[in-house]
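Participant: Below is one structure. I have some questions about it.
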Amino acid sequence: MTMERTREAAPTLRVARWSVPWAWVVFAFALGTGLLMGFVVFRVQSLVDQNTDPYFFGDMGKSIADGNGFEGFGSLITRRAPLYPIVIGGVYAVFGDHQKLIVLLHVLMFSGTCVLAYDMGRRLFNHRTGVIAGFVCALHPMLLRYIPNLHLETQLTLLITLTAWLTIRFYERPTVAAGALVGLASGAAALTKAVALLYPALFVAGIILACRAARRRGEQRPTPWKPILAIFVVMGCLILPWTARNYRSSGHFVLISSGTSDAFLRGFIFTETDYITLRRPPYTDAENASNAYFEALAEAEGTVWERDDYETDQILNKEAKRRLFAEPGPVLRKSVIGVFTFWYQLTSLKNSLLALVLALGAWFFAVIGWRQARREQRPAWLLMLPVLYLNLVLALLLALGRYSVPILPALIVMSAFGVDTLLDRRAARRA
3 MTMERTREAA PTLRVARWSV PWAWVVFAFA LGTGLLMGFV VFRVQSLVDQ
53 NTDPYFFGDM GKSIADGNGF EGFGSLITRR APLYPIVIGG VYAVFGDHQK
103 LIVLLHVLMF SGTCVLAYDM GRRLFNHRTG VIAGFVCALH PMLLRYIPNL
153 HLETQLTLLI TLTAWLTIRF YERPTVAAGA LVGLASGAAA LTKAVALLYP
203 ALFVAGIILA CRAARRRGEQ RPTPWKPILA IFVVMGCLIL PWTARNYRSS
253 GHFVLISSGT SDAFLRGFIF TETDYITLRR PPYTDAENAS NAYFEALAEA
303 EGTVWERDDY ETDQILNKEA KRRLFAEPGP VLRKSVIGVF TFWYQLTSLK
353 NSLLALVLAL GAWFFAVIGW RQARREQRPA WLLMLPVLYL NLVLALLLAL
403 GRYSVPILPA LIVMSAFGVD TLLDRRAARR A
């Protein structure tokens with residue numbers, strides 16, 4: 003498939019753009035900002051908690067490196083997906099138990115994400131858009147923030163951005179190999195955080211609709227069924243071994259991880275007025291209130307919360323189903339609020355305001371870019387689909403500000419095209 007273009011690429015970079023290896027420039031710049039954040043800035047800042055391993059991913063990695071697998075972390079590893087601790091365990095097994103190596107790995111992942119943002123902008127729009135997107139990603143505080151910690155956000159951001167980049171390549175040339183790569187990246191993203199699981203199905207629906215729309219315009223564009231099948235086959239081959247492991251460990255079918263109902267129920271508390279206005283800190287007070295709620299549910303069932311992963315998940319599933327059908331109004335309320343908290347709800351008012359300002363700025367330019375892309379018949383939906391998917395799915399569940407990080411590169415590319423559009427308009431007025 004070829005993308006229609008009705009506007010020449012922005013001329014601002016002139017001839018130099020063909021001689022400068024911009025992908026390497028973006029990579030080097032991101033490497034510098036990532037190293038600075040990972041090894042200097044984080045140590046002297048006071049805006050965020052300096053606990054580098056709040057979710058015990060490092061401990062899980064050590065257990066894997068020692069040959070003990072996930073022993074001691076629950077039959078379903080307590081709502082976690084496996085790939086991030088497996089990556090940590092692999093690094094520890096080869097190089098030894100040194101957390102700084104994981105920070106360095108995060109820097110490389112972050113730099114790769116910035117290069118992918120650059121190339122998405124270049125492919126979908128023009129060279130200047132790509133350069134703007136790459137450099138903005140390399141400087142974005144939300145993307146830099148998770149480099150120094152053992153949080154899965156940096157890995158998930160790379161994999162979701164890689165998936166978006168591969169879907170653009172698939173759109174351009176839908177081969178079986180391209181489909182297999184989309185399935186591989188999507189499967190890895192889902193094994194990092196299960197919320198990514200359904201995105202390939204949404205992307206495929208978009209491809210089918212795009213092909214039908216093209217045929218209505220008189221274009222020869224058949225639906226690429228074999229490449230589409232390759233997406234799901236490869237994705238299934240990647241995920242099902244972990245599903246089998248879960249069955250052996252718990253005796254029950256759990257595709258990737260438990261925790262959907264946990265997130266859904268926490269969402270009721272995190273969207274209370276005191277927490278969405280940051281009058282009370284959500285990451286401590288709302289978290290403690292949620293845990294107390296779950297402990298009471300388990301006690302009512304005659305057991306102890308988190309004594310057994312599967313048992314706890316079933317108790318929460320029962321409560322989630324009850325509230326979903328008995329309380330449609332509160333479910334709708336928390337979901338609508340979650341659309342917005344997804345972009346700003348962090349640990350403190352100061353951090354949340356910064357995230358909100360950055361999100362509003364990104365959306366302002368993204369809307370300009372989206373409108374221009376539609377006029378030029380560019381497939382900007384390939385960028386906006388993952389953004390809206392993650393936003394809306396997590397709004398239904400639990401939508402915290404850090405959960406928006408994985409789709410920021412795609413949104414930034416769309417925003418960069420908005421900036422490019424405004425620069426072109428300014429140049430046209432001056433001419």
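Mapping of the sequence shown onto the numbering used here: residues 3 to 433, in sequence order. A virtual CB, placed ideally from N, CA and C, is assigned to each residue, including glycine.
1) Using 8 Å for Cβ pairs, my map puts D55 next to L152. What's the rounded Cβ distance?
2) Since I believe A182 is in contact with V236 (beta carbons under 8 Å), could you give me their beta-carbon distance rounded to a whole number of angstroms?
3) For R2, which residues in the same chain have their Cβ closer than 8 Å to its Cβ, ignoring the five residues on either side in sequence?
4) Please look up how many angstroms separate the CB atoms of T169 and L384, rounded, as I've assumed it's under 8 Å.
5) Buried or exposed for V306, going by 16 or more other Cβ atoms inside 10 Å?
6) Please report the distance separating the alpha-carbon of G220 from that of F127.
7) For A433, which of helix, strand or coil comes out of DSSP?
8) On the criterion of 16 or more Cβ atoms from any shown chain inside 10 Å, does V17 qualify as buried, or is it exposed?
9) Give a yes or no on whether 7 Å exceeds the smallest Cβ distance from V306 to chain D.
10) My parser needs the beta strand (DSSP E) runs of 3 or more residues fully inside the stretch 384-414; what are they?
11) Could you give the distance in angstroms between the alpha-carbon of P330 and the alpha-carbon of L158?
12) Does DSSP classify L267 as helix, strand or coil?
13) Would you mind sorting R380 into buried or exposed? The rule is 16 or more other CB atoms within 10 Å of its CB.
14) Go to P319, then tell me how far its alpha helix (DSSP H) extends in each direction, as first and last residue.
15) Rounded to a whole number of angstroms, what is the C-alpha to C-alpha distance between L299 and E289?
16) Between the C-alpha atoms of M416 and K336, what's the straight-line distance to the nearest angstrom?
17) Quick one: Cα of E301 to Cα of I233, how far?
18) Nearest to P143 by alpha carbon, out of L358, Y86, T131 and D68?
19) Quick check on the DSSP output: the alpha helix (DSSP H) that includes R124 runs from which residue to which?
Facilitator: So, to answer that:
1) 4 Å
2) 5 Å
3) A query on residue 2 cannot be resolved here, the shown segment of the chain reaching from 3 to 433 and no further.
4) 6 Å
5) exposed
6) 24 Å
7) coil
8) With a pLDDT of only 43 at V17, under the threshold of 50, the placement of this residue in the model should not be trusted, and no figure is reported.
9) As a matter of chain content, chain D is missing from the structure shown, which is built from one protein chain.
10) none
11) 32 Å
12) helix
13) buried
14) Here residue 319 turns out to be Asn, not Pro, going by the sequence shown. That run of the alpha helix (DSSP H) goes D311 to A328.
15) 15 Å
16) 28 Å
17) 43 Å
18) L358
19) Q101 to L126
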